[in-house]
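Remarks on the structure that follows.
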Amino acid sequence: MTGHSQTGNSTARRSGFMNRLQARRATLARPAAGFVSQPEPRTIGTFAKGRQLIGGNYLFAGYLVEAPGTVIWDVPMPSDGFEDDIHGFRWLDDLAAVGDGAARKLAQRWTSEWIARFGRGTGAGWTPDLTGRRLIRWINHAIFLLSAQDKGQSDAYFRSLGQQTIFLSRRWKAAAPGLPRFEALTGLIYAGLALSGMDCYVAPAARALARECRTQIDAQGGIPTRNPEELLEVFTLLTWAASALSAAGQVTPRDHVAAIERIAPTLRALRHADGGLARFHGGGRGAEGRLDHALAASGVRTSAVGGLAMGYARLSAGRTSVIVDASAPPKGPESCNAHASTLAFELTSGRRPLIVSCGSGVTFGEDWRRAGRATQSHSTLEITGYSSSRLAPKRKSGGQGREPLQEIPREVSTQRMPHGLTAWHDGYAATHGLVHARELLLSPDGRSLNGEDTLGAFTDAQRTAFDAAMDRVKLQGIGYSLRFHLHPDVDAELDLGGTAVSMALKSGEIWVFRHDGHADLRLERSFYLETGRLKPRASQQIVLSARVLQQASQINWTLAKAQDTPLGIRDLVTDDDPLPEEN
């Protein structure tokens, strides 16, 4: 482990040195005097975030720095992620969403300051992925940035764009496979098409992007990390690149087009009834409207796939959607942000999430990040004190935030049925000799979800391992729990003398949870990890606890709308825009 960490650190240092070297070499050039054609903005920001920036509230990577009147580059950097976010210039989308004179002047000042301070190849922003991200924003919002600027400022802007393009042409291969490399190559294509004298980079970048599509997007339209939000980011970049090539009269390579056609139905399968993505393996719900906008821009009309989509199963009926993580987590380096979420599910009714995963704690620190990855943070069965996949031990140095999943289920089996799913995994076989099997049945009208969870030892080897586990606990039984994490907006309380849980959604719907009486039912505190918040949101979870005493234990449960809940509800309750302060 130590040797691996030292090797990784050495590689990172070498890559950083080469980035700095090529950045400084690129800044010796004097390319790009203007645009070949007027660029069209494609990135979409958030008005509320733009107003926060104008007010001096800098919220990035889970940190809020309040510094009214301070240039963004003078703000104290509380983390590397914070610094990366501001060098990537996504905040430019938010200022453009405001679009008034104050927002424009701020964007122009901060961009000019970046050129003056970092334009000679220094600073944290000279990595291939951040450079690609930054180029896309600079080009998208060129009119916003150049309005009322003098010739000197305009010349500096175009000179820096050209220098960053040259850097990217030399260093895109250093970007990690996956989203970072897609960002780098899309940025290179954008710049090559838009800037005068840069067209020589377009064809090689387009061919390289097509190769990445062929190797990184599998036959089912999935990516190795199995992160739905990351898949949306990749999809968006590919549609932007294809649109830019088409607008320039160039043919998009077939592998590139085919990847878009494969991803679109997969994303539709990962979309809940409210339009948000399922939150698994480090991904969030995605910015509101982002998924629908990307799908519309792609022009692909293929409906959601019928089988597994990137390892997820989708059940839907009426106004209800259920998405299940029905495969093993990623392996190796791709598992560094993966979660032990096998057979966990999420349920959304109309516009309202009901059953959720706790989410990714990346922006809340390492402890929250690790907590969010545990099985206990997902709506599934967990053996007390164990996850269905185990994290590698923390590295003493150099590996923070990069622990892969060391032990994952060897077998995960899934069988679809009309309005239902049966699946099992052996993630607890090695430690306890037990297999978790889950059956989910969604009613044709979407008003109820019936579940059956079994934990048992079924083979001779499993029974032997189970007997050994029982000996370790002195025959007291193997404790386990079913957890159903509730969205923070759900009001829940024990009902019917403690035998059921009533849940009220903001829409006015009432859902009721019941079980067969073979377990202890309670409501416990939970948390909801949401990007853009300063701290985790408090929520609740339904917990059913029992023990395996004789090689098998089974719990049956139901989630159903109350009988007096109408078939359709006009959900007119609106959600406030997220603000830095917590309510």
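Numbering that gives the first Met the number 0 numbers the first residue of the sequence shown as 0 and each following residue consecutively.
Using N, Cα and C, we set each Cβ at its ideal position, and we do this for glycine too.
No experiment lies behind these values; they were computed from the predicted model shown.
Three-state secondary structure assigned by DSSP to residue 18:
helix
Can you check whether the CB of residue 450 is closer than 8 Å to the CB of residue 471?
no
Using only the alpha-carbon positions, how far apart do residue 112 and residue 564 sit?
57 Å
8 Å contact criterion, which residue 114 and residue 159 should meet: CB distance rounded:
5 Å
Does the beta-carbon of residue 92 have 16 or more other beta-carbons within 10 angstroms, so that it is buried, or is it exposed?
For residue 92, the number of other beta carbons within 10 angstroms of its own is at least 16, and it is reported as buried.
Quick check on the DSSP output: the alpha helix (DSSP H) that includes residue 179 runs from which residue to which?
Following the DSSP letters along the chain, one finds residue 179 inside the alpha helix (DSSP H) bounded by residues 178-193.
Coil, strand or helix - residue 469 by DSSP:
helix
Any alpha helix (DSSP H) of 4 or more consecutive residues that is wholly inside the stretch 410-481
428-431, 459-471
State the DSSP-derived secondary structure class of residue 399, mapped to helix, strand or coil.
Here the model assigns residue 399 a pLDDT of 47, short of 50, so the residue's position is not dependable, and the following value carries that caveat. Here residue 399 sits in coil by DSSP.
Opening and closing residue of the beta strand (DSSP E) in which residue 537 lies
Residues 536-547.
Have a look at the DSSP bridge pairing and note the partners of residue 493.
Residue pairing of residue 493 in beta bridges, as defined by DSSP: 500.
Pick from 257, 243, 241, 245 that is closest to residue 214, judged by C-alpha positions:
257
Output the boundary residues of the alpha helix (DSSP H) element that contains residue 235.
227-246
Alpha-carbon spacing of residue 74 relative to residue 65, whole angstroms:
9 Å
If residue 351 and residue 560 are in contact, beta carbons under 8 Å, what's the gap, nearest whole angstrom?
That belief does not hold up - the Cβ atoms of residue 351 and residue 560 are roughly 12 Å apart, past 8 Å.
Between 104, 237, 199, 140, which has its C-alpha nearest residue 220's C-alpha?
237
Kindly give me the distance between the Cβ atoms of residue 433 and residue 461, rounded to whole angstroms, as I take these residues to be in contact under 8 Å.
Right, the Cβ-Cβ distance comes to about 7 Å (below 8 Å), so this counts as a contact.
Beta-carbon separation of residue 376 and residue 344 under 8 Å?
no
Per DSSP, which residues does residue 324 bridge with? Please list them.
311
What residue range does the beta strand (DSSP E) around residue 553 cover?
551-560
Separation of residue 539 from residue 253, as counted between CA atoms:
If I take the Cα positions, the gap works out to 48 Å.
Same chain only: Cβ atoms within 6 Å of residue 405, ignoring 5 sequence neighbours per side
389, 391
What does the alpha-carbon distance come out to for the pair residue 583 and residue 435?
With the chain represented from 0 up to 582, any question about residue 583 goes unanswered, as that position is not in the structure.
Assuming the contact rule is C-beta atoms closer than 8 Å, residue 409 and residue 425 should be a hit. Round their C-beta distance to whole Å, please.
6 Å
Collapsed DSSP secondary structure at residue 483 in the structure displayed:
strand
For residue 146, count the other beta carbons within 10 Å of its own beta carbon; 16 or more makes it buried, fewer makes it exposed. Which is it?
exposed
Between residue 18 and residue 109, is the Cβ-Cβ spacing less than 8 Å?
no
Under 8 Å, with one C-beta from each stretch per pair, do the stretch 273-286 and the stretch 184-204 reach the 3-pair mark?
Three or more beta-carbon pairs separated by less than 8 Å are not found between the stretch 273-286 and the stretch 184-204, which leaves the two stretches without contact.
Burial state of residue 459 (16 or more Cβ within 10 Å)
exposed
Using 8 Å as the threshold, is the stretch 546-562 in touch with the stretch 510-523, meaning 3 or more CB pairs across them?
yes
Could you check if residue 297 is buried or exposed, using at least 16 other CB atoms within 10 Å of its CB as the buried criterion?
buried
Measuring CA to CA, which of 549, 491, 86, 142 is closest to residue 542?
Ranking the options by Cα distance to residue 542, first place goes to 491.
Are the Cβ atoms of residue 69 and residue 55 separated by less than 8 Å?
yes
Among 22, 132, 103, 76, which residue has its Cα nearest to the Cα of residue 117?
Ranking 22, 132, 103, 76 by Cα distance to residue 117 puts 22 first.
Who pairs with residue 352 in a beta bridge, going by DSSP?
347
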